[in-house]
Amino acid sequence: MKITRISMMILLSLIFVLIMFAKGNTVHAINYSGITIGNDVETNKSWNIKFNMKLDQDTVNDSNIVVTDSTGNAVPISLQVEKDGMGVVVTPKSQYAYGKTYNLIVKSGVKAVNGKNLSSEAKVQFGVKSNPSSNNKYTVTIDAGHGGTDAGNISEAGLKEKDVDLSVALKTGKILEQNGVNVVYTRKDDNVTWNDSTNLQARFDIANNAKSNLFVSLHVNCYTGSALVNGIETYYRASNDSAKNTANNIQSDLISYTGLSNRGIKEGTAQHKILMGTTAPAVMVELGFMTNPKESQLIGSEDFQNKSASAIANGILKSLPSLQEENTVNVSSISNLSDSIIVGSKYSLPTSVQATMSDGTSKKVNIVWNPNNVDTSKVGIFTYKGTVTGYSKTVTFTLTVKAKQIEPVPVIPSEGAPVIVIDPGHGIGSDIGSNGNGFQEDDVTLSVGLKVGKILESKGVKVIYTRTTDERKTTSLTVTESLQRRCDTANNAGATYMISIHTNAFDDPAAEGTETLYYTGSVKGEKMAEAIQKSLSSALGTYSRGLKDGSWLYIAKHTTAPTVLTELGFLTNKNDAGILGTDGGRSKAAQAIASAILQVLGI
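Under the UniProt record's numbering, the first residue of the sequence shown is numbered 1, with each subsequent residue one higher.
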C-alpha cells in the first residue's frame, strides 16, 4: 500500500495538514472544514497528517481521528504515529468505495505531550475516483445463516444468531455493491418460507441460478463445553484453491479489524453441508462464539458488525482477481465415476472431481450432484448426475449397492485364549481426528476396527473394543480423558495386545503411505508392528513408510500390554483416500491387520 509522505510546508495547499501552535493553554489547529481535496483519490489512500508538536500517543486513537462516509458512518482505519512523534498515518482497513465522498476528521481530543490540545476539530473531505474496471462481471452470493423460525445459536442475553448473520450480510453486500459487485442475497429479511428440509437447498438454488462466482455464508459459533472458548474461524470448501484463498483473505482481515482471537481457516468436512451444494467456491465464516458472554456482547454491537462487514467485503474484493484468473482456463473434460459399497454402509458423494482443463493440466473442480443424498438401505445400481461450473456436459456417478456377505459364525474363545483390544481411533466427544477428500478419520477407523474384530472372533480370539459406535454426540470426554479410557479398557481386560487404528493427514497432499508405531524396546510390540506394517502395505498397495517410534504415544505409555498404532494411510492424499474411502478398501485393511495378528499369535 502506497503512503504519500510530503513535508508539512509543501502540503499546506495540497492535502489535509494540521498546523499546531501554542496559544495560551491550548494548541490551535487551522480548520480546513468544507474543503474537498480532489475527486480522484485511490481506494486504498493513506493520509499523512503533520503536526508541529510531539503528540501524546495515548490520544491518537480511532475516537479522536476518524474517517466517515457521506452518511456519517465510521470507516475502520488504522493509525500509525511516525518516528518523530509529529505525524500520523491514517490508512483504511478496507478499500474506500469507488465514486464516494468521505470526511477525515481530527477531534479536539488529540493532545501534545505537554498536555495542550486542539481548540476545535478540523475536517476535510475527499472524493474517491470512479471505478476503472467494472466489478459487476462478478456475482457474489451472501448467505445470512438461519432465519425465520430457525434462530440459530442464542446467547445468555438473548442475542439471536440469525439477527447477527442478517445484519452483517446486508452491510457486507452494501460495501460490495458500492464497489461494483453484483450481490445476491439468500435472504434480506427474516421472512423466509423454507423449512428445515429445504433450508440448505433453497440457498444453493439461489446461488446456482445466479451463476455466482463465490458463495459466502455467515454464522456465529457456539460451544456448550466451555464458556471460555472464543475467536473467529473461517471454513472453506475442500480441494478448492479459490475458496481457500478467499477464506484466508477474509479471516486475516476479520482478525485485523475486530481484534478477536484467530482460530484460523479450516477445510470443511462432511458436517459442513452449507459448503457442499454450490457450484461456486464456498466459504463459511464463524463470527465468534455466542456461548462466550464477553464475546457475544461484542458481537451484538453495531461497531463489531460494521467492522466485520468491512473485513469480509475487503477479503472478498481482494479475492476477485484470483477468481477471474481461474475462469480464464475452462474445463475440457471430466470422466464419469463409479463405486460399490455394501448395503447399509455410510457413503457420501465426492464434493470435487478431477478434470482436464483447456490448457492440458489436471485440476480438482467443485461438483454438485442431483440428487445429493445417498440411500444405501437398498441393494441396486443407482445413478447420480453432477454439474460443474463452466462445463456444459453432465457427469455421471454410478453407485452399486451390494448385498451383505454372510458373516462367519464367531467361535467361542477357549479358556486362556489371547485377548486383543481393538481401538478404533478418535470418535469420542468432539475428537473426529483427521479429514480429507470428504472422509473423516473416526468413521474410517471404526469401520476397519469392527471388521478386524469380527475376523479375529471367527478364529476364537477374545476381542475387546474401546468403542463400537460413533460417540461424538453421546460422550463429552476430553481427548486426554478418552485416551485414558482406552488404556483402562486394555488394562482391565488383561490384554495380550492393544491394536490402535488411525489414518494420517498432512498439509501437502503428496504425503502418502502406511506406517506403524510401537513402544521401542518392546520386543513383542516390534514383532506385531512389523507384521501389521508388512501385511497392510502389501494388501492395500500403499507406499510403506515403515516402522516408527511410538514411545511418545499416550496409549503406549499408559497401557500394560504391548501397544501398536497403525496409520492406514493419508486421507489428505487422493490415492490413499480413494482406497480407505471405500468399503472394499476398508475390508482389505481389516483382513491385513487381522492376518498379521493371527500370524503373531500363531493361530
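Here a beta-carbon is modelled for each residue, glycine too, at the ideal position from N, C-alpha and C.
As the structure is a prediction and not an experimental result, all values here were calculated from the model.
Per DSSP, what kind of secondary structure is residue i in: helix, strand or coil?
i, result
"Pro509", "coil"
"His146", "coil"
"Glu121", "coil"
"Phe304", "helix"
"Ser595", "helix"
"Val452", "helix"
"Gly24", "Because the pLDDT of Gly24 is 30, which lies under 50, any placement of that residue in the model is unreliable, and the question is left without a value."
"Arg545", "strand"
"Val128", "strand"
"Ile603", "coil"
"Ala29", "Confidence at Ala29 is low in this model, with a pLDDT of 34, below 50, so its placement is unreliable and no value can be given for it."
"Asn182", "strand"
"Asp431", "strand"
"Leu159", "coil"
"Leu214", "strand"
"Phe204", "helix"
"Glu42", "coil"
"Thr503", "strand"
"Gly152", "coil"
"Leu317", "helix"
"Lys50", "strand"
"Leu55", "strand"
"Asn370", "strand"
"Leu571", "coil"
"Gly578", "helix"
Below 8 Å on the Cβ atoms is my contact criterion, and I expect residue i with residue j to pass it. Report the Cβ-Cβ distance as a whole number of Å.
i, j, result
"residue 660", "Leu456", "The question about residue 660 has no answer here: the residues shown for the chain are numbered 1 through 603."
"Asp165", "Gly145", "4 Å"
"Leu580", "Thr503", "6 Å"
"Gln599", "Ala531", "6 Å"
"Ala577", "Leu536", "At roughly 16 Å, the Cβ-Cβ gap does not stay under 8 Å, so Ala577 and Leu536 are not in contact."
"Val124", "Tyr98", "So it is not a contact: roughly 20 Å between Cβ atoms."
"Ala169", "Lys160", "That pair is no contact at about 14 Å."
"Ala238", "Gly438", "7 Å"
"Asn208", "Pro281", "In fact, because the Cβ distance is near 13 Å, the residues do not count as touching under 8 Å."
"Val388", "Ser348", "With a Cβ gap of about 18 Å, Val388 and Ser348 do not count as contacting."
Going by beta carbon distance, what residues of the same chain come within less than 8 Å of residue i, once the five residues before and after it are set aside?
i, result
"Glu471", "Gly427, Ile428, Gly429"
"Ile3", "Since pLDDT at Ile3 reaches only 35, below the 50 mark, its modelled position is unreliable, and no value is offered."
"Leu483", "Tyr554, Ile555, His558"
"Val343", "Thr376, Ser377, Lys378, Val379, Val401, Lys402, Ala403, Lys404"
Identify, in the order they occur along the chain, each residue of the same chain with its Cβ nearer than 6 Å to the Cβ of residue i, setting aside the five sequence neighbours on each side.
i, result
"Thr520", "Asp549, Ser551"
"Val67", "Val75, Ile77, Tyr102, Leu104"
"Ala594", "Val452, Ile455, Leu456"
"His558", "Cys487"
"Asn370", "Lys385"
"Asn221", "Glu286, Phe289"
Within 10 Å of its beta-carbon, does residue i have 16 or more other beta-carbons around it, so buried, or fewer, so exposed?
i, result
"residue 605", "An answer regarding residue 605 cannot be provided, because it is not within the stretch 1 to 603 covered by the chain."
"Ile381", "exposed"
"Leu517", "buried"
"Asn191", "exposed"
"Asp442", "buried"
"Lys83", "exposed"
"Lys111", "buried"
"Gly72", "exposed"
"Leu568", "buried"
"Asp508", "exposed"
"Thr496", "buried"
"Pro321", "exposed"
"Gly541", "exposed"
"Ile250", "buried"
Just grab the DSSP bridge partners of residue i for me.
i, result
"Gly173", "DSSP output for Gly173 lists no bridge partner at all."
"Ser522", "Note: Ser522 sits in no beta bridge, so no partner."
"Phe439", "Gly436"
"Lys459", "In DSSP, Lys459 forms no bridge with anything."
"Val67", "Leu104"
"Ile265", "Thr234"
"Ile342", "Lys402"
"Leu517", "Lys548, Leu565"
"Tyr497", "Ile420"
"Gln354", "Lys364"
"Gln80", "Val89"
"Ser333", "Thr356"
"Glu471", "Ile428"
Can you list, in chain order, the residues of its chain whose CB lies under 7 Å from that of residue i, leaving out five sequence neighbours each side?
i, result
"Arg203", "Asp143, Thr186"
"Ser522", "Pro562"
"Glu121", "Ile105, Val106, Lys107, Ser108"
"Asn491", "Thr559, Thr560"
"Gly225", "Ser476"
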